[in-house]
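**Student:**
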Amino acid sequence: MDELRDTVSEVVLKINTHRELYLRNEEAVKQHLIGHVFRTLGWEWDNPFEVRPEEKTEDGRADYALILDGNVFAYVEAKNLGVNIIKNGKPLRQLGRYCFNTGVRYGILTNGAVWIVLKAFEEGSRLSDRILLKVNLENEPLERSTLKLSLLSKDRIREIEKLSALLKAFELSFNGLRNEGFGEDVLIAYLRAGRSSLIPVDKLTGVETPRTAYINENGWKALPLGEQSLRGVLFAVLMYLYSRKEGAEKEEIKRVYEHLRRIRLEPSQILALLKTIEEEEGMNIAVEL
Numbered sequence: 004m005d006e007l008r009d010t011v012s013e014v015v016l017k018i019n020t021h022r023e024l025y026l027r028n029e030e031a032v033k034q035h036l037i038g039h040v041f042r043t044l045g046w047e048w049d050n051p052f053e054v055r056p057e058e059k060t061e062d063g064r065a066d067y068a069l070i071l072d073g074n075v076f077a078y079v080e081a082k083n084l085g086v087n088i089i090k091n092g093k094p095l096r097q098l099g100r101y102c103f104n105t106g107v108r109y110g111i112l113t114n115g116a117v118w119i120v121l122k123a124f125e126e127g128s129r130l131s132d133r134i135l136l137k138v139n140l141e142n143e144p145l146e147r148s149t150l151k152l153s154l155l156s157k158d159r160i161r162e163i164e165k166l167s168a169l170l171k172a173f174e175l176s177f178n179g180l181r182n183e184g185f186g187e188d189v190l191i192a193y194l195r196a197g198r199s200s201l202i203p204v205d206k207l208t209g210v211e212t213p214r215t216a217y218i219n220e221n222g223w224k225a226l227p228l229g230e231q232s233l234r235g236v237l238f239a240v241l242m243y244l245y246s247r248k249e250g251a252e253k254e255e256i257k258r259v260y261e262h263l264r265r266i267r268l269e270p271s272q273i274l275a276l277l278k279t280i281e282e283e284e285g286m287n288i289a290v291e292l
C-alpha cells in the first residue's frame, strides 16, 4: 500500500506540474499517469499476456484490455484530462458498449485523475447503478484514494464487486454512526482495538501460558506456536524474523535460534530477550492467553 500511496502522490504532482500537457494529450495521460498506476498495482504493463493495447471490439477499439487466466477481464478506456468523465456520460456509455458486446464484465474509465469502475451488465439496472467505484485523485484525501485504487490491483480485482460493496457499506456505517453523535476518534479507536485478551510482553510476569503469539508491524499478525509457552513465543518470533531477513542477518538469527534451542531459559530471560527484539526491530510483541 505504501508504494501505491507514493504513486498516487507522484501522479497528482505530475498533473499539477504538467496540467496543460495532460489536458490535450491523451497519449501522455496513458504513458505518464495510467501506466504508472497500473504497474504499481501489479500489472505487467508490457506483457501481452496481461495487458493488450488497442483491443478490437465490435464498436471500436478499447485502449487496453486487462487479461486474467487467458481471458479479457476488463477494458480500460483512457481520456485526456480535459474530458470530464463524471459529467460527460458519453465515454462511460462507449465503454459499456465495448464490454456488453464482447461479454466482458468490467470496464475502467479514467482521465488519469478520475477513475470510474463499471459493471457492464446486470438485468434491470441503469448504467449509473452499475458504477462500482469512483476515485478522484485530486479531490480526495490520499489515504482514501489509495485504498480505493488498490481494489484494481491484479491480486484483488477478481473480487472488485465484493470489495467495493464492503467499502461502501463501511463508509455508510461509519458516516451513520458519526451522524448519530459518535466522534471519529472514538470510532477509529473502536476499529483499531485488538483482541481483548492480547497482552504486551512487557506486562507479562513469566507464569502465563500463551495460546498464540502476535507481532505488530503495521497491523497485528498471528504467529504459529510450536509449544504453548513463553519459550514457544520466543522461537516463533525468531522464525518470523528469520523469514524476513537476508544475508548475514539471516544467518545470525539462525545461529541464535539454534543456540537458544540447546540451553535452558528462565522466563525472566525469555521476557528480556523478547523486549530486546521489540526495541531493536521496532515491533510490538504480544500474546493471547
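Just so we're aligned: the sequence shown equals residues 4 to 292 in our numbering.
Glycine included, each C-beta is placed from N, C-alpha and C at the ideal position.
Between the region 162-180 and the region 203-217, are three or more C-beta pairs nearer than 8 Å?
**Tutor:** Short answer: they don't touch.
**Student:** Within 10 angstroms of the Cβ of Ala251, are there 16 or more other Cβ atoms? Answer buried if so, exposed if not.
**Tutor:** In the sequence shown, residue 251 corresponds to position 248, counting from 1. That one is exposed.
**Student:** Can you tell me the Cβ-Cβ gap for Val120 and Thr215, rounded? I've got them flagged as a contact below 8 Å.
**Tutor:** Start at 1 with the first residue of the sequence shown, and residue 120 comes out as number 117. Start at 1 with the first residue of the sequence shown, and residue 215 comes out as number 212. About 38 Å; that fails the 8 Å criterion.
**Student:** Contact between the region 70-78 and the region 87-96: three or more CB pairs below 8 Å?
**Tutor:** The region 70-78, when compared against the region 87-96, does not touch it at the 8 Å Cβ threshold.
**Student:** Sorted by chain position, which residues of the same chain lie with C-beta nearer than 8 Å to Pro213's C-beta, five sequence neighbours on each side aside?
**Tutor:** Along the sequence shown, read from residue 1 onward, the residue named residue 213 stands at position 210. Correct list, in chain order: Leu228, Gln231, Ser232, Leu233, Gly235, Val236, Val290, Glu291 and Leu292.
**Student:** Taking the beta strand (DSSP E) that Glu291 belongs to, which residues open and close that run?
**Tutor:** Here residue 291 corresponds to residue number 288 of the sequence shown, with the count starting at 1. Asn287 to Glu291 is the span of the beta strand (DSSP E), which, as asked, contains Glu291.
**Student:** Lys33 and Asp66 - do their beta-carbons sit closer together than 8 Å?
**Tutor:** Counted from its first residue, the sequence shown places residue 66 at position 63. Counted from its first residue, the sequence shown places residue 33 at position 30. Taking 8 Å as the Cβ cut-off, Asp66 and Lys33 qualify as a contacting pair.
**Student:** According to DSSP, which residues form a beta bridge with Arg55?
**Tutor:** Within the sequence shown, residue 55 is the residue found at index 52, counting from 1. BP columns for Arg55 point to Ala68.
**Student:** Are Asn83 and Asn28 close, meaning C-beta to C-beta below 8 Å?
**Tutor:** Stepping through the sequence shown from its first residue, residue 83 is reached at position 80. Stepping through the sequence shown from its first residue, residue 28 is reached at position 25. Contact: yes.
**Student:** If you check the beta carbons only, do Glu53 and Ile70 fall under 8 Å apart?
**Tutor:** Reading the sequence shown from its first residue, position 50 is the one you call residue 53. Reading the sequence shown from its first residue, position 67 is the one you call residue 70. Cβ distance < 8 Å, so Glu53 and Ile70 count as in contact.
**Student:** Let me know if Thr149 comes out buried or exposed under the rule of 16 or more other beta-carbons within 10 Å of its beta-carbon.
**Tutor:** For the purposes of this step, residue 149 is identified with residue 146 of the sequence shown, where counting begins at 1. Buried is the call here.
**Student:** On the three-state DSSP scale, how would you describe Arg198?
**Tutor:** Along the sequence shown, one-based indexing puts residue 198 at 195. Summary for Arg198: the model assigns pLDDT 49, below 50, so the residue's position carries little reliability; its value from the coordinates is reported in the next sentence. The answer is coil: DSSP assigns Arg198 none of H, G, I, E or B.
**Student:** Counting C-beta neighbours from all protein chains within 10 Å, is the total for Tyr217 16 or more, i.e. buried, or is it exposed?
**Tutor:** In the sequence shown, the residue the question calls residue 217 occupies position 214. Buried: at least 16 other Cβ atoms inside 10 Å.
**Student:** Tell me which same chain residues have a C-beta within less than 8 Å of the C-beta of Ile163, skipping the five on either side of it?
**Tutor:** Taking the first residue of the sequence shown as 1, we reach residue 163 at position 160. Closer than 8 Å at the Cβ level, and outside the excluded window around Ile163, lie Tyr109, Val120, Leu135, Leu136, Leu154 and Leu155.
**Student:** For the alpha helix (DSSP H) that contains Tyr10, what are its first and last residues?
**Tutor:** Within the sequence shown, residue 10 is the residue found at index 7, counting from 1. According to the sequence displayed, residue 10 carries Thr and not Tyr. First-last of the alpha helix (DSSP H) with Thr10: Asp5 to Thr20.
**Student:** Using DSSP's beta-bridge definition, name the partner residues of Val75.
**Tutor:** In the sequence shown, counting from the first residue as 1, residue 75 sits at position 72. According to DSSP, which records beta bridges pairwise, Val75 is partnered with Ile70.
**Student:** For Thr10, count neighbouring Cβ atoms within 10 angstroms of its own Cβ and tell me buried if that reaches 16, exposed if not.
**Tutor:** As a first step, residue 10 is located in the sequence shown; it is residue number 7 there, counting from the start. Looking at its Cβ environment, which holds 16 or more other Cβ atoms inside 10 Å, Thr10 is buried.
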